[in-house]
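Quick notes on the structure that follows.
Number of protein chains: 2
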Amino acid sequence: MNDDRISRSATLMQVAARAGVSTATVARVLKAKGYVSDEARARVEAAVKAIGYRPNAMARGLRQRRSFTIGHMLDAIIVNPFFVNVAHWAEEEALEHGYKTFLFNHNGDGARERIGIERFIERRVDAVLFTNAIATENVRLLAAAGIPALQLERSKTPAAPAIRVDNKVGALEAMRHLVELGHRRIAFVGGDPDLIGRGATAGPTVEEDRLEAYRSGLAAAGLSPDPALMRLGRYYSLEAGGTSSEGYRHAKSLLELEERPTAIFATCDILAAGALQAVYEAGLRVPDDISVIGFDDTIAANLTPQLTTVAQPMEDLGRIGFRAVLAAIETGEFPELPLLPSRLVLRRSTASTAR
Amino acid sequence: MNDDRISRSATLMQVAARAGVSTATVARVLKAKGYVSDEARARVEAAVKAIGYRPNAMARGLRQRRSFTIGHMLDAIIVNPFFVNVAHWAEEEALEHGYKTFLFNHNGDGARERIGIERFIERRVDAVLFTNAIATENVRLLAAAGIPALQLERSKTPAAPAIRVDNKVGALEAMRHLVELGHRRIAFVGGDPDLIGRGATAGPTVEEDRLEAYRSGLAAAGLSPDPALMRLGRYYSLEAGGTSSEGYRHAKSLLELEERPTAIFATCDILAAGALQAVYEAGLRVPDDISVIGFDDTIAANLTPQLTTVAQPMEDLGRIGFRAVLAAIETGEFPELPLLPSRLVLRRSTASTAR
DNA sequence: ATTCAATGTGTCATCGATGACATATGGTGT
DNA sequence: ACACCATATGTCATCGATGACACATTGAAT
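Those protein sequences? They're chains A and B, same order as listed.
Heads up: the first sequence begins at 173 in the working numbering, then just goes up one per residue.
Heads up: the second sequence begins at 173 in the working numbering, then just goes up one per residue.
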């Protein structure tokens with residue numbers, strides 16, 4: 173009974189043949205635009221269903237010079253769920269607009285980022301999102317190819333606009349929270365110094381903001397930062413299999429101080445996770461003996477105790493980010509980019525010193 | 173000086189024009205096959221570099237009837253890092269072979285899975301990987317379109333072959349480990365009963381294997397399973413924002429027993445994370461008062477204490493999985509599919525009862 | 001009867017890369 | 001001298017969807 177059983181999916185021409193109309197009519201039915209008689213429409217729809225026709229996105233893309241695909245460049249995707257979350261929500265929004273995203277994980281490596289961008293260009297993505305750009309020269313390749321690019325949350329290069337998160341509001345809330353609980357010796361455990369702003373970037377970097385909020389949080393309480401309580405390094409070492417060893421190491425050294433801190437403010441949940449391990453190992457309890465606050469709200473709810481943390485608006489970043497590049501694709505320019513708020517999420521890792 | 177500044181990337185024809193040769197010669201240079209004089213080659217290469225030419229993957233795909241793309245269908249990507257890991261390694265292997273992967277997260281929803289598969293077909297993926305297939309009828313759509321499909325680790329449908337993991341070896345190791353440490357009252361906290369095998373699937377399901385290993389681990393020690401120590405439910409409830417509440421709830425009820433268990437074997441790190449929280453909250457310590465073992469080795473190293481767990485071969489799953497579908501694409505049939513081992517990873521959440 | 005707009009349908013060039021095929025030149029072997 | 005092969009390069013149909021354009025037909029308005 174059936175003859176049109178070629179291995180690949182059917183073509184529009186086959187649909188036309190089966191429905192006894194021209195390809196143009198089929199196209200009109202599928203696009204739901206132009207004049208088509210009810211009778212022709214019915215025949216085409218029947219043929220589509222019978223053959224199981226699915227339009228070929230490559231052919232359409234070639235003709236329309238639009239792939240309906242955007243690239244999303246990410247960092248450390250298997251270590252830090254932050255990136256997966258942002259990517260997930262961008263993808264979600266993309267799907268709702270008939271788009272699909274391509275992910276690429278450069279893992280912090282500029283050479284890999286370059287390869288990823290070349291792949292994106294070959295695939296003719298209509299735009300690119302960066303959730304961590306590395307090298308300005310790489311980002312410029314996109315501009316040269318006429319592909320809009322947008323940075324989400326972390327803006328490392330002036331070569332592309334960015335949707336930023338106001339890291340300060342949440343971090344200040346966190347500091348205020350600790351101070352209100354009576355903490356005076358608050359340690360800072362922070363990320364990659366590379367992120368602490370160097371070179372000509374568009375505004376302060378993520379870590380700069382968090383550090384500044386830490387300082388002004390202390391200042392507001394009439395305190396001055398104690399260098400002995402500050403640890404800057406990286407979020408995690410990839411070589412070590414992406415464990416939280418950095419936070420562990422830093423917290424351990426803090427706990428060995430003569431006068432140890434009563435609270436630790438870590439700028440990443442992964443760091444905080446390591447801090448929790450160090451505290452536990454020292455035979456102390458969180459939050460009874462020491463309070464810990466993280467950042468991002470990624471693995472926070474899975475930790476013991478559940479971690480109080482500064483949440484990032486990951487869904488908004490992804491969704492608004494996609495809509496922004498979509499606008500750029502369609503109108504040629506970006507809409508006004510919002511500054512998204514971060515906010516403190518209270519869980520069980522902070523408590524009053526007065527116990 | 174430059175004139176060829178069209179917004180989109182240049183075409184092969186433009187390269188040919190600039191190099192003063194035909195498109196065929198350019199193609200020969202790029203493919204590195206066929207005869208080309210050194211002089212022509214040099215001119216083409218110079219033109220490619222000058223214009224910044226990148227081949228158009230859509231045009232190539234259309235012509236070759238190959239997209240060099242594979243779809244990867246995933247579950248609960250933002251809740252369980254297991255999926256991200258497998259996807260990451262499949263992508264990594266794909267890149268090394270000139271392929272790219274498209275991810276789609278059905279989140280356990282068959283209707284979404286269907287949509288994802290339709291998107292895959294429209295994009296003309298050359299094959300599809302499932303790390304959690306939901307509905308057999310969806311998987312059949314691919315067969316009808318002539319697209320090879322392969323299940324990784326979880327095989328829920330006979331409609332596609334699978335690379336399976338021997339969940340038993342690792343789980344048995346885990347049980348032996350606990351028994352050797354003196355544990356006799358070992359609780360089982362397991363996943364979605366849906367995964368405990370029903371209907372005609374190809375062999376036992378993941379949870380069946382884990383449960384059976386639990387039982388035979390007990391039997392080997394001359395113990396019989398105590399129904400009061402078994403909790404079956406789901407890994408996590410998505411409604412609750414993907415927290416580990418299920419493991420927490422189960423462990424809490426176990427700790428409230430007259431005779432509480434001395435060890436908990438959870439079949440997912442996320443479940444184990446919840447168990448750790450319950451133990452902590454009860455004022456007990458892991459591993460001093462109670463031992464906990466997880467499964468997957470995803471967030472295990474970030475937990476407090478670092479979790480002893482049964483590791484899944486996520487890298488092998490991804491890499492070998494990709495290579496298998498690549499073979500299927502090229503030869504039309506799958507190679508022999510291995511049964512990959514799981515293995516116990518010792519960390520700090522298990523200890524002897526004799527303290 | 002004539003003009004015009006609305007309705008309905010078909011033809012075909014195009015997007016960019018590819019590879020089958022045709023063609024041309026020079027050198028080697030007999 | 002001729003046959004033959006290696007080398008070198010160009011022409012063009014093709015993949016499948018799209019949309020500009022042309023062509024019909026019908027009914028209403030003038």
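C-beta: ideal position from N, C-alpha, C; glycine also.
Neighbourhood of residue i by C-beta, 6 Å cutoff - its chain only, sequence neighbours within 5 removed
i                      : result
residue 191 of chain B : 215, 216, 219
residue 520 of chain B : 477, 478
residue 413 of chain B : For residue 413 of chain B, the predicted model reports a pLDDT of 49, less than 50, meaning its position is unreliable; a value from the coordinates is still stated below. Here the set comprises nothing.
residue 387 of chain B : 397
residue 470 of chain A : 253, 254, 441
residue 459 of chain A : 521, 522, 523
residue 181 of chain B : 226
residue 304 of chain A : 247, 326
residue 360 of chain A : 386, 402, 437
Buried or exposed (CB count within 10 angstroms, at least 16 for buried), residue i
i                      : result
residue 316 of chain B : exposed
residue 512 of chain B : buried
residue 518 of chain B : exposed
residue 466 of chain A : buried
residue 207 of chain A : exposed
residue 224 of chain A : exposed
residue 372 of chain A : Per-residue confidence for residue 372 of chain A stands at a pLDDT of 47, beneath the threshold of 50, marking its modelled position as unreliable; the derived number appears in the next sentence. Exposed is the call here.
residue 423 of chain A : buried
residue 236 of chain B : exposed
residue 320 of chain A : buried
residue 345 of chain A : buried
residue 268 of chain B : exposed
residue 196 of chain A : exposed
residue 503 of chain A : exposed
residue 516 of chain B : buried
residue 221 of chain B : exposed
Range covered by the alpha helix (DSSP H) that runs through residue i
i                      : result
residue 497 of chain A : 486–503
residue 223 of chain B : 210–223
residue 463 of chain A : Run containing residue 463 of chain A: none in the alpha helix (DSSP H); it sits in the beta strand (DSSP E), 463–468.
residue 384 of chain A : 378–392
residue 307 of chain A : It is not in any alpha helix (DSSP H) - residue 307 of chain A carries neither H nor E in the DSSP assignment.
residue 417 of chain B : 417–427
Cβ pair residue i, residue j closer than 9 Å
i                      : j                      : result
residue 343 of chain A : residue 311 of chain A : no
residue 408 of chain A : residue 248 of chain A : yes
residue 347 of chain B : residue 313 of chain B : no
residue 333 of chain A : residue 509 of chain A : yes
residue 569 of chain B : residue 494 of chain B : Absent from the structure is residue 569 of chain B, since the part of chain B shown begins at 173 and ends at 527.
residue 525 of chain A : residue 354 of chain A : yes
residue 384 of chain A : residue 226 of chain B : no
residue 301 of chain B : residue 277 of chain B : no
residue 446 of chain B : residue 418 of chain B : yes
residue 491 of chain A : residue 262 of chain A : yes
residue 439 of chain A : residue 362 of chain A : yes
residue 234 of chain B : residue 496 of chain B : no
residue 158 of chain B : residue 461 of chain B : Coverage of chain B is limited to positions 173 through 527, which leaves residue 158 of chain B absent and any answer about it impossible.
residue 382 of chain B : residue 339 of chain B : yes
Contacting residues, own chain, Cβ-Cβ under 7 Å from residue i (five flanking each side not counted)
i                      : result
residue 238 of chain A : 298
residue 213 of chain A : 201
residue 256 of chain B : 249
Start and end residues, beta strand (DSSP E) containing residue i
i                      : result
residue 520 of chain A : First-last for residue 520 of chain A: undefined, no H or E at that position.
residue 204 of chain B : Run containing residue 204 of chain B: none; DSSP gives neither H nor E here.
residue 458 of chain A : That residue, residue 458 of chain A, is in no beta strand (DSSP E); it is neither H nor E in DSSP.
residue 401 of chain B : Per DSSP, residue 401 of chain B belongs to no beta strand (DSSP E) and is neither H nor E.
residue 482 of chain A : 480–483
residue 475 of chain B : Run containing residue 475 of chain B: none; DSSP gives neither H nor E here.
residue 436 of chain B : 435–438
residue 512 of chain A : 511–513
Neighbourhood of residue i by C-beta, 8 Å cutoff - its chain only, sequence neighbours within 5 removed
i                      : result
residue 337 of chain B : 325, 378, 484, 485, 489, 511, 512, 513, 514
residue 357 of chain B : 398, 401, 431, 432, 433, 434, 435
residue 193 of chain A : 212, 215, 216
residue 270 of chain A : 240
residue 290 of chain B : 313
Task: Whole alpha helix (DSSP H) elements within the segment 242–298 of chain B, 4-residue minimum - done: 253–268, 282–294
TODO: Within the segment 309–369 of chain B, note down every full alpha helix (DSSP H) run reaching 4 residues or more, in order along the chain.
DONE: 339–352
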